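Below is one structure, written out as structure tokens; comments come after it.
2 protein chains.
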Amino acid sequence: MFDKIRVFIVDDHPMVVEGIKSLLETAEGFVVSGSAYSGSEALRKLADISPDVVLTDINLPDMSGIDLCRHIKQTTPHIRVLGLSNFKERSYITRMVENGASGYLLKNIPAKQLETAIRMAYEGQVYMDPEVMRMIVRPDATDPTAVPRMTTREKEVLNLIAEGMTNGEISEKLFISPLTVDSHRKNLLSKFSVRNTAALVKFAMCNNLI
Amino acid sequence: MFDKIRVFIVDDHPMVVEGIKSLLETAEGFVVSGSAYSGSEALRKLADISPDVVLTDINLPDMSGIDLCRHIKQTTPHIRVLGLSNFKERSYITRMVENGASGYLLKNIPAKQLETAIRMAYEGQVYMDPEVMRMIVRPDATDPTAVPRMTTREKEVLNLIAEGMTNGEISEKLFISPLTVDSHRKNLLSKFSVRNTAALVKFAMCNNLI
DNA sequence: ACGTATATCCCCGAAAACAGGGATACACCA
DNA sequence: TGGTGTATCCCTGTTTTCGGGGATATACGT
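Next up, the structure:
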């Protein structure tokens with residue numbers, strides 16, 4: 001009951017790892033039972049350690065935090081996983097939660113909230129960073145940052161456009177008519193409410209769509 | 211001679227600040243004399259504190275680390291400044307150094323090297339992260355990641371292009387002929403070796419030029 | 001069985017971008 | 001003083017994109 005919560009930290013930045021350690025050891029009720037600088041290292045160590053909560057960065061050198069989360073939940077579902085990132089991209093957050101994460105934090109989270117998040121995760125609840133919360137509560141309505149979803153074909157076309165290919169070239173690559181490519185292109189412009197290809201590419205890159 | 215080196219940390223992520231504190235306090239010979247979460251807070255505190263070395267993130271909420279560095283070196287040139295970032299963009303590094311920084315570190319730097327960097331900065335030398343070093347030693351030749359530099363006008367035009375504006379619109383905004391804008395556009399395409407605007411925008415965004 | 005979404009293809013005309021030249025003026029540095 | 005870089009402006013012609021339509025087939029869920 002009064003045991004300390006064992007936390008395992010995964011981040012490729014030593015100073016972030018140290019920072020969390022320091023924050024948690026100042027607080028009461030936590031013990032950092034280990035850490036790793038990559039996804040594979042984390043999985044190796046977790047085979048032995050088995051902490052209560054894993055705090056993982058989203059961007060790891062060898063795999064994404066999302067993949068790591070999935071692995072952990074598949075093999076040891078009792079371990080809670082909290083995502084950690086600088087980015088509040090909707091797709092990251094949702095994919096993290098879809099893969100069983102107990103929450104998603106931003107790296108500029110204050111110490112108090114970090115403690116709360118870990119405690120809640122430990123108790124089986126889901127904690128969301130307030131900023132992150134604001135992202136997800138509005139499905140798509142008034143949220144100006146909501147990203148329209150693309151069909152798989154549109155994604156293909158968008159990527160080739162960003163590569164610098166013309167409608168004609170894309171049509172050859174995908175074995176479809178250039179007119180079809182043009183349709184997709186125009187649908188993309190319309191979906192993202194942009195006027196031309198330049199703005200389309202910028203928007204797509206800003207929202208991690210490419 | 212045997213005094214501890216006083217370090218001041220500027221980063222908007224509490225856990226990074228804590229991490230560095232923890233790393234430095236484990237090591238011998240350092241004392242963290244203060245920290246700030248923004249550029250303005252840093253400048254305010256530095257008016258009183260006056261440490262030996264300032265360690266600053268490049269991306270701060272209110273100003274860039276580069277601007278902060280310039281301010282510090284203008285008012286208190288004896289204070290050494292070290293840049294700190296996740297990004298190893300050439301432009302960041304060079305601009306940091308141009309503004310008087312004593313070095314540039316990546317956030318995934320190991321503890322030992324962090325100590326070395328601070329000691330060297332304290333002694334008036336310049337420390338560069340090994341990875342960063344590899345970026346700058348090759349002027350532009352064999353380095354595939356080298357980004358051609360833009361003139362200020364080209365930067366303006368590039369940004370407006372990425373906003374979705376046409377040559378005509380840009381020309382009105384900048385009070386120049388649309389033909390001039392077109393020249394800049396073509397120069398950009400040529401400089402970055404891309405075929406069209408879409409690829410230009412993608413490249414620019416990939417390299418933090420926008 | 002019927003709507004909805006996706007993917008495909010088509011047309012036309014206007015607007016913009018691209019290719020590939022050339023030219024002038026100004027500043028700055030060697 | 002002569003080169004180098006930047007910024008400006010111009011021309012011709014071709015290719016591509018954009019705007020605003022319409023149309024068909026397939027799949028999928030209700």
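Chains as they are written, first to last, in this note's numbering: chain E, 1 to 210; chain X, 211 to 420.
Glycine included, every Cβ here is placed at the ideal spot set by N, Cα and C.
Please read these numbers as outputs of a predicted model, since none were measured by experiment.
May I have the straight-line CA-CA distance separating Met-338 of chain X from Ala-327 of chain X, to the nearest angstrom? Within the second sequence, the letter at position 128 stands for residue 338 of chain X. Within the second sequence, the letter at position 117 stands for residue 327 of chain X. When rounded, the distance between both Cα atoms is 8 angstroms.
State the start and end residues of the unbroken beta strand (DSSP E) segment that holds Tyr-314 of chain X. Counting from 1 along the second sequence, the entry for residue 314 of chain X is found at position 104. Run containing Tyr-314 of chain X: 313-316, per the beta strand (DSSP E) assignment.
Within 8 angstroms of any Cβ in chain E, is that where the Cβ of Ala-321 of chain X sits? One-based indexing of the second sequence puts residue 321 of chain X at position 111. Judged by the 8 angstroms Cβ criterion, Ala-321 of chain X is in contact with chain E.
Given 8 angstroms, three or more beta-carbon pairs between the stretch 41-60 of chain E and the stretch 245-261 of chain X: no
What did DSSP end up calling Ala-36 of chain E once you bin it into helix, strand or coil? Taking the first sequence and counting its residues from 1, the one referred to as residue 36 of chain E is at position 36. Three-state DSSP puts Ala-36 of chain E in a strand.
Report the partner residues of Gly-374 of chain X according to the DSSP bridge assignment. Translated into the one-based positions of the second sequence, residue 374 of chain X becomes position 164. Paired residues: none, contrary to the question.
Using a threshold of 8 angstroms, state whether the C-beta atoms of Ile-230 of chain X and Ile-215 of chain X are closer than that. On the second sequence, position 20 is the one that residue 230 of chain X refers to. On the second sequence, position 5 is the one that residue 215 of chain X refers to. No, they are not a contact pair.
Scan the stretch 5-16 of chain E for residues whose Cβ lies nearer than 8 angstroms to a Cβ of chain X and list them as they occur along the chain. Asp-12, His-13, Pro-14, Met-15 and Val-16
Quick check: is the beta carbon of Phe-207 of chain E nearer than 8 angstroms to any beta carbon in chain X? To locate residue 207 of chain E, count along the first sequence from 1; it is residue 207. Per the sequence shown, residue 207 of chain E should be read as Asn rather than Phe. Taking Cβ atoms only, chain X never reaches closer than 8 angstroms to Asn-207 of chain E, which makes this a no.
Does any residue of chain X bring its CB to less than 8 angstroms from the CB of Asn-99 of chain E? Residue numbering aside, residue 99 of chain E sits at position 99 when the first sequence is read from its first letter. Closer than 8 angstroms: no.
On the three-state DSSP scale, how would you describe Leu-209 of chain E? The residue you call residue 209 of chain E lines up with position 209 of the first sequence. In this structure, Leu-209 of chain E counts as coil in the three-state DSSP scheme.
Under 8 angstroms by Cβ, that's how I've got Ile-303 of chain X and Val-264 of chain X pegged, so tell me the actual separation to the nearest angstrom. If you number the second sequence from 1, residue 303 of chain X lands on position 93. If you number the second sequence from 1, residue 264 of chain X lands on position 54. Not confirmed; about 17 angstroms, so no contact.
Using CA atoms only, rank isn't needed, just tell me which of E:Arg-95, E:Val-7 and E:Val-16 is closest to Asp-221 of chain X. As a position in the second sequence, residue 221 of chain X is number 11, starting the count at 1. The shortest C-alpha separation from Asp-221 of chain X is found at E:Val-16.
Per DSSP, the bridge partner or partners of Val-201 of chain E: Counted from its first residue, the first sequence places residue 201 of chain E at position 201. Beta-bridge pairing links Val-201 of chain E to no other residue.
By Cβ distance below 6 angstroms, which residues in the same chain neighbour Val-411 of chain X in space, the five residues on each side in sequence not counted? Within the second sequence, residue 411 of chain X is the residue found at index 201, counting from 1. Closer than 6 angstroms at the Cβ level, and outside the excluded window around Val-411 of chain X, lie Ala-372.
Uninterrupted alpha helix (DSSP H) stretches inside the stretch 213-278 of chain X (no shorter than 4 residues): 224-236 and 249-259
For the alpha helix (DSSP H) holding Ser-85 of chain E, just list the boundary residues, first then last. Residue numbering aside, residue 85 of chain E sits at position 85 when the first sequence is read from its first letter. Careful: Ser-85 of chain E lies outside any alpha helix (DSSP H), inside the beta strand (DSSP E) at 80-85.
Counting only C-beta atoms, is Leu-23 of chain E closer than 8 angstroms to chain X at any point? Here the question's residue 23 of chain E lines up with position 23 in the first sequence. Yes, Leu-23 of chain E counts as interfacial toward chain X.
Which term fits Ser-177 of chain E, buried or exposed, when burial requires 16 or more other beta carbons within 10 angstroms of its beta carbon? To locate residue 177 of chain E, count along the first sequence from 1; it is residue 177. It counts as exposed.
Hey, Leu-84 of chain E and Lys-107 of chain E are a contact pair by Cβ (cut 8 angstroms); roughly how many whole angstroms apart? Your numbering for residue 84 of chain E matches position 84 in the first sequence. Your numbering for residue 107 of chain E matches position 107 in the first sequence. Contact flag correct, Cβ pair sits at about 6 angstroms.
Helix or strand or just coil, what does DSSP make of Met-306 of chain X? For the purposes of this step, residue 306 of chain X is taken as the residue at position 96 of the second sequence. Here Met-306 of chain X sits in helix by DSSP.
Let me confirm a value: Val-152 of chain E is counted as buried when at least 16 other C-beta atoms fall within 10 Å, else exposed. Which label applies? What you label residue 152 of chain E is simply residue 152 of the first sequence in a count that begins at 1. It should be noted that the sequence gives Thr, not Val, for residue 152 of chain E. It counts as exposed.
Contact belief for Glu-115 of chain E with Ala-27 of chain E at Cβ below 8 angstroms, rounded distance in angstroms: In the first sequence, counting from the first residue as 1, residue 115 of chain E sits at position 115. In the first sequence, counting from the first residue as 1, residue 27 of chain E sits at position 27. That belief holds up - the Cβ atoms of Glu-115 of chain E and Ala-27 of chain E are roughly 5 angstroms apart, short of 8 angstroms.
Give me the subset of the stretch 153-175 of chain E whose CB atoms are less than 9 angstroms from a CB atom of chain X, sorted by chain position. Ile-161, Ala-162, Glu-163, Gly-164, Met-165 and Thr-166
Can you give the Cα-Cα distance for Ala-111 of chain E and Leu-24 of chain E, rounded to whole angstroms? Within the first sequence, numbered from 1, the residue matching residue 111 of chain E stands at position 111. Within the first sequence, numbered from 1, the residue matching residue 24 of chain E stands at position 24. Cα to Cα, Ala-111 of chain E sits roughly 8 angstroms from Leu-24 of chain E.
Answer with yes or no whether the minimum CB distance from Asn-187 of chain E to chain X is below 8 angstroms. If you number the first sequence from 1, residue 187 of chain E lands on position 187. No, because no Cβ of chain X sits closer than 8 angstroms to the Cβ of Asn-187 of chain E.
Taking the CB atoms as reference points, tell me whether Ser-243 of chain X and Val-217 of chain X lie closer together than 8 angstroms. The residue given as residue 243 of chain X occupies position 33 in the second sequence. The residue given as residue 217 of chain X occupies position 7 in the second sequence. Contact: yes.
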